[in-house]
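Enquirer: Dumping the structure here so I can ask a few things about it.
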Amino acid sequence: MRRSVSVVVSIAIAVLGISASGAKNSVVAAQQKAQGAEVKIDNFSFGPAALTISVGSTVTWTNRDDIPHTVVSADDPRAFKSKVLDTDEKFSFKFDKAGTYSYFCSVHPKMTGKVVVQ
Amino acid sequence: MAGKGKDELLHDHNHDGIDRRGFLKCMAWAGTGAFCVIRGGVLRSYSFSRIATLDPQETAGELSFAQISDSHMGFNKAANPDVAATLKAAVDKINGLSVEPEFLLHTGDVSHLSKPEEFDAVQQILKAAKPQDVFYVPGEHDVLNDDGKQFLDRFAKGSKGAGWYSFDKKGVHFIGLVNVMNLKAGGLGSLGGEQLAWLEDDVKDLKHSTPIVVFAHIPLWSVYPEWGWATEDSAQALSSLKKFGSVTVLNGHIHQTMQKVEGNVTFHTAASTAFPQPAPGKADSPGPMKVPAEQLKSVLGITDVNFVRGKQALGVVDSTLE
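In the order they appear, the protein sequences are chains A and B.
Heads up, the first sequence is in my numbering, so the first residue is 68 and it goes up one at a time.
Heads up, the second sequence is in my numbering, so the first residue is 40 and it goes up one at a time.
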């Protein structure tokens, strides 16, 4: 079920590489340093379920199911908590501190995921 | 098993309690549906149309009610673009029952996204039902974003904690439980310590002979934990009820009918009025199951429950919407 973290990171880097090559000014280029990452919610699961990013990166979750889901930190206190995401709705969170962030869907708690921030 | 007639249908979990022959026969008579009686832990089903031909002792209850579930008002995807219409069809079915139910139970997921207009729509549609008393418990879709405050204000005023309560009807003790709050990562439905303590206290002075009906959204038995179709502390709740001779547990959540008998407890899940979900493990996920439009009403349904005093058994009827 879990895809390799390294594969995901390399995809993210590849995507960034393409967009960076099209960057016309230094402001955009500077922003590329903060990597973005995507998590898709499909079939009641987070994909990838585990993600490694660098400090300052933003992760965006997109719900592609017919059923609403949430993205909620499993930590106490919660590091982040989305509103309920209906089909195709997104939630983004910027990770400013290193650490391992476990999260889940509070509607369907069997759905769990993890973001490792280095 | 005395009295088993050739028209009697044994309950089949995968076919809404109605086998194909029985289904066709019901269609030919007076619409689909089955009347079920649980006696000594055994459930028997009869087509509605047979009720009139049966010994009144078997069917004439002193109390009957109907259960509806998972109306998911606001859902508009391919599995059912018109959940209002199918809820209305359920109301028509209820109004057409030969014995008018005294009240309705809604076992949660009234709404799809906890929006006020979704709750409004359900309340409006249910106004057309002959039984005007509706007892609700929330599903996880009803407590999104506000920890269920809206749901409590509308549907569970005067309840305890997150919305649990009990009431008595003609000697039957009904208990509405909430198992959709404060769910933990990786976990299942949860009742929590406060509710379990309340439950124990609620039933402690009742006679052992009191029939008990528990209703909650997520199944209180382990239907399929891999999909979250179970409640982590249900065993503790059931242990509070072990002194009773007859306990029936009614749930929703899984959008299909299933039954199980375990000792003095009969578990029953109701179909959704909105859209069906796959049988446990029969799909990649428990998401909405798309069935051809002409088949949709046959997989959506209501449950009619008839309490037969003196036998301390509850008959459960599942009826599809056409």
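Note that CB positions come from ideal geometry on N, CA and C, so glycine has one too.
Treat the numbers as computed from the prediction; the structure is a model and nothing was measured.
With 8 Å as the limit, tell me which residues of the stretch 309-320 of chain B have their beta carbon closer than that to any beta carbon of chain A; keep them in chain order.
Expert: Listed in chain order, the positions of the stretch 309-320 of chain B with a beta carbon within less than 8 Å of a beta carbon of chain A would be empty, since no residue qualifies.
Enquirer: Taking the beta carbon of B/His247 as the centre, do at least 16 other beta carbons fall within 10 Å, making it buried, or is it exposed?
Expert: To locate residue 247 of chain B, count along the second sequence from 1; it is residue 208. Looking at its Cβ environment, which holds fewer than 16 other Cβ atoms inside 10 Å, B/His247 is exposed.
Enquirer: By the DSSP assignment, the beta strand (DSSP E) with B/Val130 in it spans what residues?
Expert: Numbered from its first residue, the second sequence carries residue 130 of chain B at position 91. Here B/Val130 belongs to no beta strand (DSSP E); instead the alpha helix (DSSP H) covers 122-134.
Enquirer: Answer with yes or no whether the minimum CB distance from A/Lys164 to chain B is below 7 Å.
Expert: Within the first sequence, the letter at position 97 stands for residue 164 of chain A. Chain B, which has no Cβ nearer than 7 Å to the Cβ of A/Lys164, makes this no.
Enquirer: According to DSSP, is A/Glu156 helix, strand or coil?
Expert: In the first sequence, residue 156 of chain A corresponds to position 89, counting from 1. Three-state DSSP puts A/Glu156 in coil, outside helix and strand.
Enquirer: Kindly say whether B/Gly326, judged by its beta-carbon, lies nearer than 7 Å to any beta-carbon of chain A.
Expert: To locate residue 326 of chain B, count along the second sequence from 1; it is residue 287. So, interface residue.
Enquirer: Is the shortest distance between the beta-carbon of A/His136 and the beta-carbons of chain B less than 7 Å?
Expert: To locate residue 136 of chain A, count along the first sequence from 1; it is residue 69. It does not: the Cβ of A/His136 has no partner Cβ on chain B nearer than 7 Å.
Enquirer: Excluding five sequence neighbours on each side, which residues of the same chain lie with their C-beta closer than 6 Å to the C-beta of B/Ser273?
Expert: Within the second sequence, residue 273 of chain B is the residue found at index 234, counting from 1. Correct list, in chain order: Leu259.
Enquirer: Considering B/Ser273, what are the terminal residues of the alpha helix (DSSP H) in which it resides?
Expert: Counting from one through the second sequence, the residue named residue 273 of chain B turns up at place 234. Note, B/Ser273: alpha helix (DSSP H), 273-278.
Enquirer: Just curious, the beta strand (DSSP E) that A/Phe171 is in, first and last residue?
Expert: Working through the first sequence from its first residue, we reach residue 171 of chain A at position 104. Its beta strand (DSSP E) spans residues 166-171.
Enquirer: Nearest-angstrom Cα distance between B/Pro327 and B/Ala117?
Expert: Against the second sequence, residue 327 of chain B aligns to sequence position 288. Against the second sequence, residue 117 of chain B aligns to sequence position 78. B/Pro327 and B/Ala117: Cα-Cα distance of roughly 9 Å.
Enquirer: Around the C-beta of B/Ala160, are 16 or more other C-beta atoms found within 10 angstroms, so that it is buried, or is it exposed?
Expert: Working through the second sequence from its first residue, we reach residue 160 of chain B at position 121. Buried.
Enquirer: Which residue from A/Lys157, A/Gly103, A/Phe171 puts its Cα closest to that of A/Ala116?
Expert: By one-based count along the first sequence, residue 116 of chain A stands at place 49. For A/Ala116, the closest C-alpha among the options A/Lys157, A/Gly103, A/Phe171 is that of A/Phe171.
Enquirer: Could you give the residue range of the alpha helix (DSSP H) that holds A/Glu105?
Expert: For the purposes of this step, residue 105 of chain A is taken as the residue at position 38 of the first sequence. Run containing A/Glu105: none in the alpha helix (DSSP H); it sits in the beta strand (DSSP E), 103-109.
Enquirer: Tell me whether A/Val183 sits in a helix, a strand or coil according to DSSP, three-state version.
Expert: Here residue 183 of chain A is taken as the residue at index 116 of the first sequence, counted from 1. Residue state, collapsed to three classes: strand.
Enquirer: With 16 as the cutoff for other CB atoms within 10 Å, does B/Asp181 come out buried or exposed?
Expert: Counted from its first residue, the second sequence places residue 181 of chain B at position 142. Buried, by the Cβ-count rule.
Enquirer: Alpha carbon to alpha carbon, what distance is there between A/Val183 and B/Lys299?
Expert: On the second sequence, residue 299 of chain B is found 260 positions in, with the first residue counted as 1. On the first sequence, residue 183 of chain A is found 116 positions in, with the first residue counted as 1. Between B/Lys299 and A/Val183, the C-alpha separation is close to 43 Å.
Enquirer: When you compare each of B/Ser103, B/Leu102, B/Phe104, B/His111 to B/His256 by their alpha carbons, which one comes out closest?
Expert: On the second sequence, position 217 is the one that residue 256 of chain B refers to. The candidate whose alpha carbon is nearest that of B/His256 is B/His111.
Enquirer: So B/Trp237 is in the alpha helix (DSSP H); what residue range does that whole segment cover?
Expert: Within the second sequence, numbered from 1, the residue matching residue 237 of chain B stands at position 198. Per DSSP, B/Trp237 belongs to the alpha helix (DSSP H) from 232-242.
Enquirer: Against chain A, with Cβ distances strictly below 7 Å, would B/Gly267 count as a contact?
Expert: Here residue 267 of chain B refers to the residue found at position 228 of the second sequence. Yes, its Cβ sits closer than 7 Å to a Cβ of chain A.
Enquirer: Go through its chain and collect everything with a Cβ distance to B/Gly228's Cβ below 6 Å, but skip five positions before and after it.
Expert: For the purposes of this step, residue 228 of chain B is identified with residue 189 of the second sequence, where counting begins at 1. Only residues of its own chain outside the window of five on either side were considered, and among them Asn218, Ile257, Thr270 have a CB closer than 6 Å to the CB of B/Gly228, listed in chain order.
Enquirer: Let me know the secondary structure DSSP gives B/Phe174 once reduced to three states.
Expert: The count along the second sequence starts at 1 and reaches residue 174 of chain B at position 135. Three-state result, B/Phe174: strand.
Enquirer: According to DSSP, simplified to helix, strand and coil, what is B/Trp266?
Expert: For the purposes of this step, residue 266 of chain B is identified with residue 227 of the second sequence, where counting begins at 1. Helix, per DSSP.
Enquirer: Decide if B/Ser150 is buried, meaning its Cβ has at least 16 other Cβ atoms within 10 Å, or exposed.
Expert: Position 111 of the second sequence, counting from 1, holds the residue named residue 150 of chain B. By the neighbour-count rule (16 or more Cβ atoms within 10 Å), B/Ser150 is buried.
Enquirer: Tell me, please, which residues DSSP counts as bridged to B/Gln106.
Expert: Translated into positions along the second sequence, residue 106 of chain B becomes position 67. Answer is B/Leu144, B/Thr342, bridged to B/Gln106.
Enquirer: Against chain A, which members of the stretch 226-252 of chain B pass a CB distance test of less than 8 Å?
Expert: Gly226, Leu227
Enquirer: Kindly indicate which residue of B/Ala309, B/Leu238, B/Leu136 has the alpha-carbon position closest to the one of B/Phe206.
Expert: The sequence position of residue 206 of chain B within the second sequence is 167, counting from 1. For B/Phe206, the nearest C-alpha among the options comes from B/Leu238.
Enquirer: Taking C-beta pairs closer than 7 Å, name the residues in chain A that B/Glu179 reaches, listed in chain order.
Expert: If you number the second sequence from 1, residue 179 of chain B lands on position 140. What B/Glu179 touches in chain A: Val174.
Enquirer: Identify the residues that DSSP records as bridge partners of B/Thr249: which are they?
Expert: Taking the second sequence and counting its residues from 1, one reaches residue 249 of chain B at position 210. In DSSP, B/Thr249 forms no bridge with anything.
Enquirer: Taking only beta-carbon positions, decide if A/Arg69 is within less than 7 Å of chain B.
Expert: Residue numbering aside, residue 69 of chain A sits at position 2 when the first sequence is read from its first letter. Bear in mind that a pLDDT of 44 at A/Arg69, under 50, signals an unreliable position, so the model cannot answer this.
Enquirer: What is the DSSP secondary structure of B/Asp159, counted as helix, strand or coil?
Expert: Position 120 of the second sequence, counted from the start, is the residue given in the question as residue 159 of chain B. DSSP places B/Asp159 in helix when its eight states are reduced to three.
Enquirer: Rounded to the nearest angstrom, what separates B/Glu139 and B/Ala129 at their Cα positions?
Expert: The count along the second sequence starts at 1 and reaches residue 139 of chain B at position 100. The count along the second sequence starts at 1 and reaches residue 129 of chain B at position 90. Near 14 Å, if we compare the C-alpha coordinates of B/Ala129 and B/Glu139.
Enquirer: Counting only the same chain and skipping the five closest in sequence on each side, list residues whose C-beta sits under 7 Å from that of A/Val75.
Expert: Residue mapping note: residue 75 of chain A aligns to position 8 of the first sequence, counting from 1. Only weak support exists for where A/Val75 lies, its pLDDT of 44 falling under 50; the value from the coordinates is given anyway. Result list for A/Val75: Pro115, Leu118, in chain order.
Enquirer: B/Ser229 bridges to which residues according to DSSP?
Expert: In the second sequence, residue 229 of chain B corresponds to position 190, counting from 1. Answer is B/Val219, bridged to B/Ser229.
Enquirer: Which term fits B/Ala309, buried or exposed, when burial requires 16 or more other beta carbons within 10 angstroms of its beta carbon?
Expert: The count along the second sequence starts at 1 and reaches residue 309 of chain B at position 270. By the 10 Å Cβ count, B/Ala309 comes out buried.
Enquirer: Is B/Thr342 closer than 7 Å to B/Gln106 when the C-beta atoms are compared?
Expert: Position 67 of the second sequence holds residue 106 of chain B. Position 303 of the second sequence holds residue 342 of chain B. Going by C-beta atoms, B/Gln106 is nearer than 7 Å to B/Thr342.
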